[in-house]
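Per the numbering used here, the very first residue in the sequence shown carries number 70; after that it's consecutive. Data first, discussion second: the structure below is written as structure tokens.
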Amino acid sequence: MAELIYKDKKYTINIGERLKDIIQKEGLKDIIGAVYDNQIIDIHTPIKTDGVLKAITKKDKESLEILRHSLAHIMAQALKRLYGNEKVHLGIGPTTEVGFYYDVEIEGKRITEEDLPVIEEEMKKIIKENLQVEREEIKREEAIKLFEKMREIYKIEIIKHDIPENETISIYKQGEFIDLCRGPHIPSTGLAGAFKLISVAGAYWKGKETNPMLQRIYGVAFWEEKELKQYLNMLEEAKKRDHRKIGKELELFMIDEEVGGGLAIWLPKGAIIRKEIEDDWKKEHIKRGYQLVYTPHVGKETLWQTSGHVNYYRENMFPEMFIEEEGYFVKPMNCPFHVEIYKSKQRSYKELPIKLAELGTVYRYERSGVLHGLMRVRGFTQDDAHIICREDQVEQQIKEVLEFAIDTLKSYGFEEFEVYLSTRPEKSVGDDKMWEIATNSLKKAIESVGLDYKIDEGGGAFYGPKIDVKIKDSIGRMWQCSTIQFDFNLPERFDMYYIGEDNQKHRPYMVHRAIFGSIERFIGVLLEHYAGLLPLWLAPVQVALIPISDAHLDYAKMVKDKLQEEGIRVYLDERNERMNKKIRDAEIQKIPYMAVIGDKELQENAVSLRTKKDGNLGIMKVEDFINLLKEKIKSKQ
Numbered sequence: 070m071a072e073l074i075y076k077d078k079k080y081t082i083n084i085g086e087r088l089k090d091i092i093q094k095e096g097l098k099d100i101i102g103a104v105y106d107n108q109i110i111d112i113h114t115p116i117k118t119d120g121v122l123k124a125i126t127k128k129d130k131e132s133l134e135i136l137r138h139s140l141a142h143i144m145a146q147a148l149k150r151l152y153g154n155e156k157v158h159l160g161i162g163p164t165t166e167v168g169f170y171y172d173v174e175i176e177g178k179r180i181t182e183e184d185l186p187v188i189e190e191e192m193k194k195i196i197k198e199n200l201q202v203e204r205e206e207i208k209r210e211e212a213i214k215l216f217e218k219m220r221e222i223y224k225i226e227i228i229k230h231d232i233p234e235n236e237t238i239s240i241y242k243q244g245e246f247i248d249l250c251r252g253p254h255i256p257s258t259g260l261a262g263a264f265k266l267i268s269v270a271g272a273y274w275k276g277k278e279t280n281p282m283l284q285r286i287y288g289v290a291f292w293e294e295k296e297l298k299q300y301l302n303m304l305e306e307a308k309k310r311d312h313r314k315i316g317k318e319l320e321l322f323m324i325d326e327e328v329g330g331g332l333a334i335w336l337p338k339g340a341i342i343r344k345e346i347e348d349d350w351k352k353e354h355i356k357r358g359y360q361l362v363y364t365p366h367v368g369k370e371t372l373w374q375t376s377g378h379v380n381y382y383r384e385n386m387f388p389e390m391f392i393e394e395e396g397y398f399v400k401p402m403n404c405p406f407h408v409e410i411y412k413s414k415q416r417s418y419k420e421l422p423i424k425l426a427e428l429g430t431v432y433r434y435e436r437s438g439v440l441h442g443l444m445r446v447r448g449f450t451q452d453d454a455h456i457i458c459r460e461d462q463v464e465q466q467i468k469e470v471l472e473f474a475i476d477t478l479k480s481y482g483f484e485e486f487e488v489y490l491s492t493r494p495e496k497s498v499g500d501d502k503m504w505e506i507a508t509n510s511l512k513k514a515i516e517s518v519g520l521d522y523k524i525d526e527g528g529g530a531f532y533g534p535k536i537d538v539k540i541k542d543s544i545g546r547m548w549q550c551s552t553i554q555f556d557f558n559l560p561e562r563f564d565m566y567y568i569g570e571d572n573q574k575h576r577p578y579m580v581h582r583a584i585f586g587s588i589e590r591f592i593g594v595l596l597e598h599y600a601g602l603l604p605l606w607l608a609p610v611q612v613a614l615i616p617i618s619d620a621h622l623d624y625a626k627m628v629k630d631k632l633q634e635e636g637i638r639v640y641l642d643e644r645n646e647r648m649n650k651k652i653r654d655a656e657i658q659k660i661p662y663m664a665v666i667g668d669k670e671l672q673e674n675a676v677s678l679r680t681k682k683d684g685n686l687g688i689m690k691v692e693d694f695i696n697l698l699k700e701k702i703k704s705k706q
């Protein structure tokens with residue numbers, strides 16, 4: 070027997086029954102699914118084991134999974150109606166964080182963005198028809214015959230190669246449409262909410278470049294039209310803030326195919342932003358007892374064999390190169406080098422914790438189709454650090470790292486965070502005691518800092534549990550940022566040890582951690598968060614001096630010299646242009662302060678200040694202006 074919990078009441082469900090049966094029998098309303106055995110099921114799925122089911126209605130966040138999965142089917146049905154049932158071959162149609170997509174092959178037809186409104190209209194017709202959704206479980210042989218008859222070659226491949234022999238095969242029907250699917254789905258198409266098809270892309274079947282290229286059609290979906298509009302408005306704002314567009318307009322960085330995809334080149338202005346971030350990073354790390362190190366960009370094959378990368382990470386590494394008949398790899402990670410630094414001499418318990426930090430550039434092979442400006446690259450600089458400590462130091466070290474991460478991210482203007490704790494997966498290394506100590510230390514650290522967190526049961530790496538911190542940007546998007554990751558694997562592989570108080574060898578705990586994740590990606594996030602108008606301390610040009618006429622140029626040059634002597638980055642606009650155009654151009658270049666210089670300013674040893682945000686700020690003595698700038702830069706305003 071199973072139990073359904075709905076509105077604080079409990080209802081008994083017999084094994085073999087469906088939610089649909091109990092809904093009809095008890096006259097329940099609003100239920101579109103349930104959470105059962107840590108999975109989301111719909112009202113069509115039979116209950117096969119004892120357990121507790123938590124009812125899902127539209128008010129529950131889990132309901133969006135059901136809605137979006139159903140809209141993927143509705144879109145697939147629309148495609149078959151529009152372009153021919155036997156000419157449309159379906160791949161997979163999963164949900165995404167905000168919607169859904171379907172990978173399809175359409176004989177003789179390439180879908181473009183101009184086709185999306187037509188597909189949407191057909192989807193709306195299907196929704197209006199309010200077709201009942203039905204689930205049916207069938208035998209493997211029967212499923213193969215069914216999809217052979219439908220000429221669904223990709224579904225047949227899934228059945229034969231991806232579904233285990235002992236797993237139930239289910240199909241879903243709505244009207245004339247049939248699809249291989251586990252679910253979950255809404256009770257009928259008429260319950261579908263607000264949606265919008267937003268883009269089309271190519272996608273290799275199963276992500277392998279040797280497989281056929283399918284067409285991937287993306288959609289977003291919410292229950293209410295209001296929510297959809299809010300999201301679409303956010304997308305429009307995100308386009309304006311695209312860091313690739315900003316980077317080009319402000320001449321911050323470039324990616325040149327002659328150099329190679331996913332390899333960023335920092336231009337002078339972008340290099341200033343990066344230098345400011347890196348200098349601040351180094352200062353804060355030294356203040357917290359980290360030791361800065363530098364390690365090579367390549368390492369011998371034997372190093373990567375010991376670390377396990379050759380066996381477990383090779384597909385993400387660039388090809389091996391040979392020097393004097395020895396194999397070398399460009400590094401995908403910094404950790405093996407830090408381990409070797411630790412092992413360069415015998416360590417005592419009195420030396421621990423040892424905290425090694427490096428802005429280490431690493432190289433990973435990413436397929437060209439996923440490269441995206443600074444957000445997804447092939448060469449990037451990790452703000453990497455490794456803490457090697459004793460068991461009794463673990464909890465305090467994790468707390469300090471988490472506080473360091475939150476303080477740092479706040480200093481860049483981020484105030485809202487989501488924290489995730491990932492626990493031990495089924496396959497893992499390390500003994501139970503180590504996992505328990507590490508996991509509890511992570512929990513206590515999060516709680517001591519006063520942050521809410523979500524637990525991802527079994528979501529840790531095979532070599533240790535971890536904390537992930539996401540930051541919310543100014544338009545509501547979440548970005549993965551800081552990571553605190555235990556590693557029970559490398560200390561074992563490299564035979565790391567320290568001499569304890571008992572003069573015996575002991576295995577230390579090792580923690581990987583990054584505050585930003587990577588410098589490149591973090592700068593991309595910053596550019597989009599601030600729409601290019603960075604805080605004063607980070608701005609490549611902090612002040613634009615705008616003389617009204619040539620008669621004011623000598624005084625403007627004197628002001629420029631004074632600002633530069635104080636370390637302030639300044640640009641003197643000597644062009645023969647109108648003042649308003651100079652101001653407008655400075656605003657376009659996202660320069661925080663514009664200092665206009667005319668007769669009055671020359672006479673009073675002053676400047677007239679403007680900012681894009683606040684407009685005209687009035688006249689100010691040059692020395693006062695310098696002090697204002699220095700204070701704002703120091704406090705990172």
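Glycine residues also receive a C-beta, built at the ideal position from the N, C-alpha and C atoms. Quick caveat, the model's predicted, so the values are computed rather than measured.
So, for N62: in the same chain, excluding its five sequence neighbours on each side, which residues have a beta-carbon less than 8 Å away from its beta-carbon? Given that the chain is displayed from residue 70 to residue 706, the structure contains no residue 62 and the question cannot be resolved.
Is the beta carbon of S677 closer than 9 Å to that of G684? Taking 9 Å as the Cβ cut-off, G684 and S677 do not qualify as a contacting pair.
Over the uninterrupted beta strand (DSSP E) stretch that includes S677, give me the two end residues. Following the DSSP letters along the chain, one finds S677 inside the beta strand (DSSP E) bounded by residues A675 to T680.
Any idea what DSSP makes of Q299, helix, strand or coil? DSSP, reduced to helix, strand and coil, places Q299 within a helical segment of the structure shown.
Within 10 angstroms of its Cβ, does I584 collect 16 or more other Cβ (buried), or is it exposed? Buried is the call here.
Would you list the residues sitting across from F398 in a DSSP beta bridge? In the DSSP output, where bridge partners are listed per residue, F398 has G368.
Mark G636 as exposed unless 16 or more other C-beta atoms lie within 10 angstroms of its C-beta, in which case mark it buried. When all chains shown are included, G636 counts as exposed.
Cβ-based neighbour list, G396, same chain, cut-off 6 Å, excluding 5 preceding and 5 following: Correct list, in chain order: E370 and E389.
In this structure, how does DSSP classify D571 when only helix, strand and coil are distinguished? In the structure shown, D571 sits in coil (DSSP, three-state: anything other than H, G, I, E or B).
Per DSSP, P494 forms a beta bridge with which residues? Paired residues: none, contrary to the question.
Are there 16 or more other CB atoms within 10 angstroms of the CB of H366, so buried, or fewer, so exposed? H366 is exposed by the Cβ-count criterion.
Beta-carbon within less than 6 Å of D521's beta-carbon, same chain only, minus the 5 sequence neighbours each way: which residues are those? Excluding residues within five positions, none has a Cβ falling inside 6 Å.
Where K224 sits in the DSSP three-state scheme: Looking at K224 - three-state DSSP - the assignment turns out to be helix.
Beta-ladder partner(s) of P616, from DSSP: BP columns for P616 point to I666.
N-terminal and C-terminal residue of the alpha helix (DSSP H) that G316 is part of: Note, G316: alpha helix (DSSP H), H312 to E318.
Run through the DSSP bridge pairs and tell me what A31 is partnered with. This structure cannot settle anything about residue 31, because the visible part of the chain is limited to 70 through 706.
Per DSSP, E646 is paired with what? Paired residues: none, contrary to the question.
In the structure shown, what three-state DSSP assignment does Q360 receive? Here Q360 sits in strand by DSSP.
From the DSSP output, read off the bridge partner residues of E206. S239, per the DSSP bridge assignment.
Is there contact here, the region 175-192 with the region 217-236, by at least three beta-carbon pairs under 8 Å? In the pairwise beta carbon analysis, the region 175-192 is classified as not touching the region 217-236: fewer than three pairs are separated by under 8 Å.
Can you tell me which of the three DSSP states V628 falls into? Helix at V628.
What separation, rounded to the nearest whole angstrom, lies between the Cα atoms of Y75 and D111? About 15 Å.
8 Å Cβ shell around E420 - same chain, five flanking residues per side excluded: Same-chain partners within the cutoff: Y567.
How far does the alpha helix (DSSP H) with S517 in it extend, from its first residue to its last? S517 -> alpha helix (DSSP H) spans D501 to V518.
Identify every run of the beta strand (DSSP E) within the region 109-181, keeping only runs that are complete inside it and at least 3 residues long; order them along the chain. 120-125, 157-159 and 168-175, all fully within the region 109-181.
Under 9 Å between the Cβ atoms of E326 and F449? Remark: C-beta atoms of E326 and F449 do not approach each other more closely than 9 Å.
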